[in-house]
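Chemist: Take a look at this one; I'll ask things after.
In the numbering used here, the protein residues as written are 4 to 266.
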């Protein structure tokens, strides 16, 4: 019996070590293969292969599986796209993306609490909108709008599916429409902040990604307050964070939209 327990523990340790190694390999490899191949195709294929279990189901379960894993897919593909658009020679931003991809796969993605789901949705919004904005600067606005709708839909669904058993289809569609509208407004005047101090890092942060991440935080805080207080809910319960978020967005739009940042 003792030998059986020892063997079982050894197998668990070995499988955990292999799991960690493969995730590290995926996080680093998806960035490196994108940079060295000068194409996002292989990196995206690698991300999709890592999600093979999502697609290895019967047809009637496929769409449900895809929706449940949209946030993870958005983060993985966004890391690849941001690596591609940062250039085909290694820069500090590539190492930052590699490190973040590993942290995401090992520590952020596996958690399933409501707070973890909220954190995962914020990450998906920031990276997804960043990749969408940078990728579609020279494309038709409809492409950016559709991709932004998908990011907003996936992020809101990820949180609501974790926190509520009720029908949340309308809420997720509304969030998707808000993301689409903001992206459409920002598309004709795409502001991207460059962080190249003290050395050139290659980091590019779109203004729309910051705005929609703040909006996602405000939306989720208000939703949680409505659930907590229910019939006793008053606007005073959320006025602090909502006012702070709205003020922050106002400052970003009014004082940090100088044309010098305009791509």
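For glycine and all other residues, C-beta sits at the position ideal for the given N, C-alpha and C.
1) Hey, residue 126 and residue 83: beta-carbon distance below 8 Å or not?
2) Under DSSP, the alpha helix (DSSP H) around residue 117 begins and ends at which residues?
3) Hey, residue 255 and residue 214 are a contact pair by Cβ (cut 8 Å); roughly how many whole angstroms apart?
4) In chain order, what residues of the same chain have a beta carbon less than 7 Å from the beta carbon of residue 128, not counting five sequence neighbours either side?
5) Where do the ends of the alpha helix (DSSP H) carrying residue 114 lie?
6) Here's the rule I'm using: 16 or more other beta-carbon atoms within 10 Å means buried, otherwise exposed. How should residue 123 be labelled?
7) The alpha helix (DSSP H) that contains residue 201, what's its start and end?
8) Leaving out the 5 sequence neighbours to the left and right, which residues in its chain are closer than 7 Å to residue 224 when beta-carbon positions are compared?
9) Do you know whose CA, among 36, 80, 16 and 172, lies nearest residue 131's CA?
10) Could you compute how far the alpha carbon of residue 61 sits from the alpha carbon of residue 75?
11) Which residue wins for smallest C-alpha separation from residue 33, given the options 41, 24 and 45?
12) With three or more C-beta pairs closer than 8 Å as the rule, is the segment 170-186 touching the segment 142-153?
13) Is it right to say residue 162 is buried, meaning 16 or more other beta carbons lie within 10 angstroms of its own, or is it exposed?
14) If you drop the 5 nearest sequence neighbours on each side, which residues of the same chain put their C-beta closer than 8 Å to that of residue 236?
15) Can you tell me where the beta strand (DSSP E) holding residue 95 begins and where it ends?
16) What does a CB cutoff of less than 6 Å around residue 178 pick up in its chain, not counting 5 residues either side in sequence?
17) Which value, in whole angstroms, describes the spacing of the CA atoms of residue 138 and residue 239?
18) Does the distance from the C-beta atom of residue 206 to that of residue 96 stay below 8 Å?
19) Express the C-alpha separation of residue 26 and residue 5 in angstroms, rounding to a whole number.
20) What's the C-alpha gap between residue 222 and residue 121?
21) What is the DSSP secondary structure of residue 209, reduced to helix, strand or coil?
Modeler: The structure says:
1) no
2) 117-138
3) 6 Å
4) 154, 158, 215, 216 and 219
5) No alpha helix (DSSP H) contains residue 114, which DSSP labels as neither H nor E.
6) buried
7) Counting along the chain, residue 201 falls outside any alpha helix (DSSP H), and DSSP gives it neither H nor E.
8) 241 and 244
9) 80
10) 21 Å
11) 45
12) yes
13) buried
14) 228 and 229
15) No beta strand (DSSP E) contains residue 95, which is instead part of the alpha helix (DSSP H) from 95-106.
16) 155 and 159
17) 40 Å
18) yes
19) Summary for residue 5: the model assigns pLDDT 48, below 50, so the residue's position carries little reliability; its value from the coordinates is reported in the next sentence. Residue 5 and residue 26: Cα-Cα distance of roughly 32 Å.
20) 11 Å
21) strand
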